[in-house]
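J.: The structure's right below; bear with me while I get my questions together.
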Amino acid sequence: MSKSVLRSAFIVGTILFSLAFLALSLDSLAQVPARTKESNLTPQVAAGKRAWQAHDCIGCHTILGNGAYYAPDLTKVTVRRTPEFVAGWLKNPGGQMPNQHLTDQEVADLVAFLQWVAEIDTNNWPPAPIGVEVGAAKPTPPTGATPVPEKISATGAGLFRSKGCAACHGSSGQGTSSAPGLKGVTSKYDSDYLTRWLRNPSAVKPGTAMPNLRLKDEEVVALIEFLKTVK
Amino acid sequence: MKFRTQRVAYWYLAVAALLFLLQVADGLIIASQYIYPDLFRDFFPFNVGRTWHLNLLVLWLVIGFMGATYYVVPEESGRELWSPRLAYLQLAILFVTGVAALTGFVAANFFPSLWLTEGREYIEAPRWADWLIVLAVLIFAINNGWTMVKRTRPFTATVGVLTMGMIGLALMYLAGMKTFSNVTVDQFFWWWVVHLWVEGTWELIAAALMAFLMVRLTGVDREVVEKWLYVEVGLVLFTGILGTGHHYYWIGTPSYWLIIGGVFSALEPIPIMAMVVDAWRMTRVRHRPHPNPNPVSFTWAVGSVIGHFFGAAVWGFAHTLPQVNKWTHGTQVTPAHGHFAFYGAYVMLIIALTYYMVPEIKGMTARLGRRGLWAFWLISSGVVGMVLSLTIAGIVQVYMQRMAGLDFIFVKTTYMSFWFALRAIFGGVTALGVVVYVWDLVSLGREKERNKDG
Chain A
116 MSKSVLRSAF
126 IVGTILFSLA
136 FLALSLDSLA
146 QVPARTKESN
156 LTPQVAAGKR
166 AWQAHDCIGC
176 HTILGNGAYY
186 APDLTKVTVR
196 RTPEFVAGWL
206 KNPGGQMPNQ
216 HLTDQEVADL
226 VAFLQWVAEI
236 DTNNWPPAPI
246 GVEVGAAKPT
256 PPTGATPVPE
266 KISATGAGLF
276 RSKGCAACHG
286 SSGQGTSSAP
296 GLKGVTSKYD
306 SDYLTRWLRN
316 PSAVKPGTAM
326 PNLRLKDEEV
336 VALIEFLKTV
346 K
Chain W
20 MKFRTQRVAY
30 WYLAVAALLF
40 LLQVADGLII
50 ASQYIYPDLF
60 RDFFPFNVGR
70 TWHLNLLVLW
80 LVIGFMGATY
90 YVVPEESGRE
100 LWSPRLAYLQ
110 LAILFVTGVA
120 ALTGFVAANF
130 FPSLWLTEGR
140 EYIEAPRWAD
150 WLIVLAVLIF
160 AINNGWTMVK
170 RTRPFTATVG
180 VLTMGMIGLA
190 LMYLAGMKTF
200 SNVTVDQFFW
210 WWVVHLWVEG
220 TWELIAAALM
230 AFLMVRLTGV
240 DREVVEKWLY
250 VEVGLVLFTG
260 ILGTGHHYYW
270 IGTPSYWLII
280 GGVFSALEPI
290 PIMAMVVDAW
300 RMTRVRHRPH
310 PNPNPVSFTW
320 AVGSVIGHFF
330 GAAVWGFAHT
340 LPQVNKWTHG
350 TQVTPAHGHF
360 AFYGAYVMLI
370 IALTYYMVPE
380 IKGMTARLGR
390 RGLWAFWLIS
400 SGVVGMVLSL
410 TIAGIVQVYM
420 QRMAGLDFIF
430 VKTTYMSFWF
440 ALRAIFGGVT
450 ALGVVVYVWD
460 LVSLGREKER
470 NKDG
């Protein structure tokens, strides 16, 4: 083929593919308001997004999976935790996060923004982990087959790691600068108190940094069993 | 060097090398913060260091592209550059704007404001910096455009593709200047900048510059090179434009992007494979005697073809299908791919161009020393080491966090920490190589002095 034929193919092809992309983009942008529930995008949500940008949150975190990968993805953080916990955390962060010295208004705006983001239809991203839930009926292995080992997240020790307890209380519950060690906690408090505490920490002690992890009853039981083993 | 004004390229390439050194030094800090999160936490926290790392990368690559363009356009147009003074003014505007923006990112840590950072990765530069960059790009376009208009020989395909790439780069930057309250719309147009730069317009610039370099280094027939150039950049855009869809899987855009993005981004390796075949063919020609053998530039150029293939095509394809990307999106797999692809496709190419153009500008007749090859092996082994460390960290993260459901911070501080430490060590090797590179560039000037004295 001659150079001029190849050049024409390049130019015509580029124009065609650009037009196809533009047409799809227009269609996508027309669908975005419904998929992101834009009617709920209040001025407060918009203010929260501006605060999100001014504080360069994406310099550590990711949102919709895009960002710096250094700190957790915040797409569904208000569902994974609670809006109240997120607000408390933003006011006085623990772990590795530096205090951003946010005003109460900025905190409220940011929480509104994150709550709105959590409602975006992301084609089911992030995917749910493949772990088996505690208490779910386990299929009986056919006789003679090797028993299926329990998934890591199904045990109290696994829950301790998967629910985020270890992030503040240390990998084996030894405690960190963010949260106390858990050795002997089951002899210090009875299981009734611990159950109430794990279900909703701020109901027991208002203003506590510990989040409501939205644990199921059987998860609370498994965690308390695990806490008895912390040395 | 055929025209006196091609000398303009020297200062562009020198500034680019200096900013590269700064980018890598900054990289060492943020790599260390993965292991010691409290390091410089109060005055240079991770987010500031990462913003520097990305913005320095973009700034020095663009300055490098522009410098190389100032070398190519007069030679291909058969006349002096229209205005070398405007070219230096343009470099000064870019450099001062860059330094001001970087200072602003540090200040934003103490005084958070959208006037200091827009908080959108890669294009954090605030509005005032955007306009100064637009001004610099306009000067660049007018200066080269007028030189091309006044050319004394026929317009070449190399310059044509280079011009298209530069116009595309400038247009796509505009798409990032507006922000939207709806974060989905925001990210939608943000990808027009980021993706359509690195997997679109920058590929055009790089392919044209590679064609220019290969004709000079190997003496291969220009007609053949330029035919291939059209095939390559055609395939890049036919796959890459709709390949943008692989960023529209999970951000709130319609689900048909799962199919369109998946299919077209899976085809994106094809033009890169064509480039490998093309380069293989061109390097065979090199056995012919050639007036200016330049093994250092040649090594970097061949390295760029190979790095481009592994970094962009292999590492890109590895996580581009939606069935895989569902698990890997937002994990360390992405920076592994990013480091490898940027290094292979763009960093090595600009260094290859620098090792061709700077000795030409300096009028060096002697062969280059071995330091440039030391730099090649040090930086390349450092980057490959970092990429492998991050890839393993990413796989560990996918299994432990995404599939088993363990907490992010827990996985990061336990299972992944070894690989982050290894990444920092390989980062040190990379930085050492960059020091050797900059040292070599500085001494290239001195060797000329010595020649003159002798």
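As given, the protein sequences belong to chains A and W, one line each in that order. My numbering puts the first sequence at residues 116 to 346. My numbering puts the second sequence at residues 20 to 473. Backbone N, C-alpha and C define an ideal beta-carbon position, used for all residues, glycine too.
(1) Alpha helix (DSSP H) containing Phe-275 of chain A: first to last residue?
(2) Since Trp-240 of chain A meets chain W, which of its residues come closer than 8 Å, beta carbon to beta carbon?
(3) Quick one: give me the first and last residue of the alpha helix (DSSP H) that Phe-329 of chain W is part of.
(4) Please list the partners that His-284 of chain A has in chain W, where partner means a Cβ-to-Cβ separation under 7 Å.
(5) Answer yes if the stretch 403–423 of chain W comes into contact with the stretch 374–388 of chain W, meaning at least three C-beta pairs across the two stretches below 8 Å, and no otherwise.
(6) Closer than 8 Å by beta-carbon distance: list the chain A residues that pair up with Glu-140 of chain W, in chain order.
(7) So, is Asn-155 of chain A buried or exposed, given that buried needs 16 or more other C-beta atoms within 10 angstroms?
(8) Quick check: is the beta carbon of Phe-341 of chain A nearer than 8 Å to any beta carbon in chain W?
(9) Does the stretch 337–350 of chain W come close enough to the stretch 310–321 of chain W that 3 or more CB-CB pairs lie under 8 Å?
(10) What does Pro-354 of chain W reach in chain A if we use C-beta pairs closer than 7 Å?
(11) Per DSSP, which residues does Pro-188 of chain A bridge with? Please list them.
(12) By Cβ distance, which residues of its chain are closer than 6 Å to Gly-96 of chain A, with the 5 residues on each side in sequence left out?
(13) Relative to the alpha-carbon of Tyr-141 of chain W, which residue among W:Asn-162, W:Met-85, W:Met-185, W:Gln-206 has its alpha-carbon at the smallest distance?
(14) What is the residue span of the alpha helix (DSSP H) that Gly-350 of chain A lies within?
(15) Just the chain W side, please: which residues come within less than 8 Å of Glu-334 of chain A by C-beta, in chain order?
(16) Please state whether the Cβ-Cβ distance between Ala-364 of chain W and Ser-323 of chain W is less than 8 Å.
(17) Would Val-201 of chain A and Val-226 of chain A qualify as a contact pair, given that the criterion is a beta-carbon distance under 8 Å?
(18) Tell me Gly-401 of chain W's beta-bridge partners as DSSP assigns them.
(19) So, does the CB of Tyr-192 of chain W fall closer than 8 Å to a CB anywhere in chain A?
(20) Does the CB of Ile-279 of chain W have a neighbour CB from chain A at under 8 Å?
(21) Can you list, in chain order, the residues of its chain with a C-beta nearer than 6 Å to that of Thr-151 of chain A? Leave out the 5 residues immediately preceding and following it.
(22) Distance check for Asn-327 of chain A and Ala-227 of chain W, CA to CA, integer angstroms please.
(23) According to the neighbour-count rule (16 or more other Cβ atoms, all chains shown, within 10 Å of its Cβ), is Val-120 of chain A buried or exposed?
(24) Could you tell me the alpha carbon to alpha carbon distance between Phe-329 of chain W and Val-321 of chain W, rounded to whole angstroms?
(25) Would you mind reading off the limits of the alpha helix (DSSP H) that contains Glu-99 of chain W?
(26) Can you pull the DSSP bridge partners for Gly-83 of chain W?
(27) So what does DSSP say about Gly-259 of chain W, is it helix, strand or coil?
(28) Could you give the residue range of the alpha helix (DSSP H) that holds Trp-165 of chain W?
(29) On a CA-only basis, which of W:Phe-174, W:Thr-432, W:Ile-152, W:Gly-326 is nearest Pro-93 of chain W? Give me that one, please.
(30) Taking three-plus beta-carbon pairs below 8 Å as touching, is the stretch 420–440 of chain W in contact with the stretch 278–285 of chain A?
(31) Please state whether DSSP places Gly-195 of chain W in a helix, a strand or coil.
(32) How long is the line joining the alpha carbons of Met-367 of chain W and Trp-319 of chain W, rounded to whole angstroms?
(33) For Met-292 of chain W, which three-state DSSP category applies?
(34) Check whether the Cβ of Gly-326 of chain W lies closer than 8 Å to any Cβ atom in chain A.
(35) Mind pulling the chain W residues with CB within less than 7 Å of Asp-236 of chain A?
(36) Any C-beta of chain W sitting closer than 8 Å to the C-beta of Lys-118 of chain A?
T.: With the structure as the only source:
(1) As a first step, residue 275 of chain A must be located in the first sequence, where it is residue number 160. Its alpha helix (DSSP H) spans residues 271–277.
(2) For this step, residue 240 of chain A is matched to residue 125 along the first sequence. Residues of chain W passing the Cβ test: Tyr-268, Trp-269, Lys-345, His-348.
(3) Counting from one through the second sequence, the residue named residue 329 of chain W turns up at place 310. Here Phe-329 of chain W belongs to no alpha helix (DSSP H), and DSSP marks it neither H nor E.
(4) Taking the first residue of the first sequence as 1, we reach residue 284 of chain A at position 169. The contacting residues do not exist; His-284 of chain A stays about 10 Å from chain W at best.
(5) no
(6) The residue given as residue 140 of chain W occupies position 121 in the second sequence. Near Glu-140 of chain W (Cβ distances below 8 Å), the residues of chain A are Ile-173, Gly-174, Asn-181, Gly-182, Ala-183.
(7) Within the first sequence, numbered from 1, the residue matching residue 155 of chain A stands at position 40. Asn-155 of chain A should be labelled exposed.
(8) Position 226 of the first sequence holds residue 341 of chain A. It does not: the Cβ of Phe-341 of chain A has no partner Cβ on chain W nearer than 8 Å.
(9) no
(10) The residue given as residue 354 of chain W occupies position 335 in the second sequence. Those are Tyr-184, listed as they occur along chain A.
(11) Along the first sequence, read from residue 1 onward, the residue named residue 188 of chain A stands at position 73. Correcting the residue type first, residue 188 of chain A is Asp in the shown sequence and not Pro. Asp-188 of chain A pairs with A:Thr-177.
(12) Here chain A covers residues 116 to 346 and nothing more, so residue 96 of chain A does not appear.
(13) What you label residue 141 of chain W is simply residue 122 of the second sequence in a count that begins at 1. When each option's Cα is compared against that of Tyr-141 of chain W, the closest is W:Gln-206.
(14) In the structure as shown, chain A starts at 116 and stops at 346, and residue 350 of chain A therefore has no counterpart that could be examined.
(15) Position 219 of the first sequence, counted from the first residue, corresponds to residue 334 of chain A. None at all; the shortest Cβ gap to chain W is about 12 Å.
(16) Sequence index remark: in the second sequence, residue 364 of chain W carries index 345 (1-based). Sequence index remark: in the second sequence, residue 323 of chain W carries index 304 (1-based). Cβ distance < 8 Å, so Ala-364 of chain W and Ser-323 of chain W count as in contact.
(17) Numbered from its first residue, the first sequence carries residue 201 of chain A at position 86. Numbered from its first residue, the first sequence carries residue 226 of chain A at position 111. Yes; because the gap between Cβ atoms is below 8 Å, this pair is in contact.
(18) Counting from 1 along the second sequence, the entry for residue 401 of chain W is found at position 382. The partner list for Gly-401 of chain W (beta bridge, DSSP) is empty, contrary to what the question assumes.
(19) Counted from its first residue, the second sequence places residue 192 of chain W at position 173. Chain A, which has no Cβ nearer than 8 Å to the Cβ of Tyr-192 of chain W, makes this no.
(20) Mapped onto the second sequence, residue 279 of chain W falls at position 260. By this cut-off, Ile-279 of chain W is an interface position.
(21) Numbered from 1 along the first sequence, position 36 holds the residue referred to as residue 151 of chain A. Answer for Thr-151 of chain A: Ile-235, listed in chain order.
(22) As a first step, residue 227 of chain W must be located in the second sequence, where it is residue number 208. As a first step, residue 327 of chain A must be located in the first sequence, where it is residue number 212. Cα to Cα, the separation comes out at about 57 Å.
(23) Within the first sequence, residue 120 of chain A is the residue found at index 5, counting from 1. Val-120 of chain A comes out exposed.
(24) Looking up residue 329 of chain W in the second sequence gives position 310. Looking up residue 321 of chain W in the second sequence gives position 302. Roughly 13 Å separates the two Cα atoms.
(25) Within the second sequence, residue 99 of chain W is the residue found at index 80, counting from 1. Segment: none, Glu-99 of chain W is in no alpha helix (DSSP H) and carries neither H nor E.
(26) Taking the first residue of the second sequence as position 1, residue 83 of chain W is located at position 64. Answer is none; Gly-83 of chain W lacks a bridge partner.
(27) On the second sequence, position 240 is the one that residue 259 of chain W refers to. In this structure, Gly-259 of chain W counts as helix in the three-state DSSP scheme.
(28) Working through the second sequence from its first residue, we reach residue 165 of chain W at position 146. Its alpha helix (DSSP H) spans residues 146–168.
(29) Reading the second sequence from its first residue, position 74 is the one you call residue 93 of chain W. With distances taken between Cα atoms, Pro-93 of chain W lies closest to W:Phe-174.
(30) yes
(31) Counting from one through the second sequence, the residue named residue 195 of chain W turns up at place 176. Note: Gly-195 of chain W maps to coil in three-state DSSP.
(32) As a position in the second sequence, residue 367 of chain W is number 348, starting the count at 1. As a position in the second sequence, residue 319 of chain W is number 300, starting the count at 1. Going by the C-alpha atoms only, they are around 6 Å apart.
(33) The sequence position of residue 292 of chain W within the second sequence is 273, counting from 1. Three-state DSSP puts Met-292 of chain W in a helix.
(34) Locating residue 326 of chain W in the second sequence gives position 307, where the first residue counts as 1. Not one chain A Cβ lies under 8 Å of Gly-326 of chain W.
(35) As a working note, residue 236 of chain A is residue 121 in the first sequence. Gly-271, listed in chain order.
(36) Walking along the first sequence from the start, residue 118 of chain A turns up at place 3. Yes, its Cβ sits closer than 8 Å to a Cβ of chain W.
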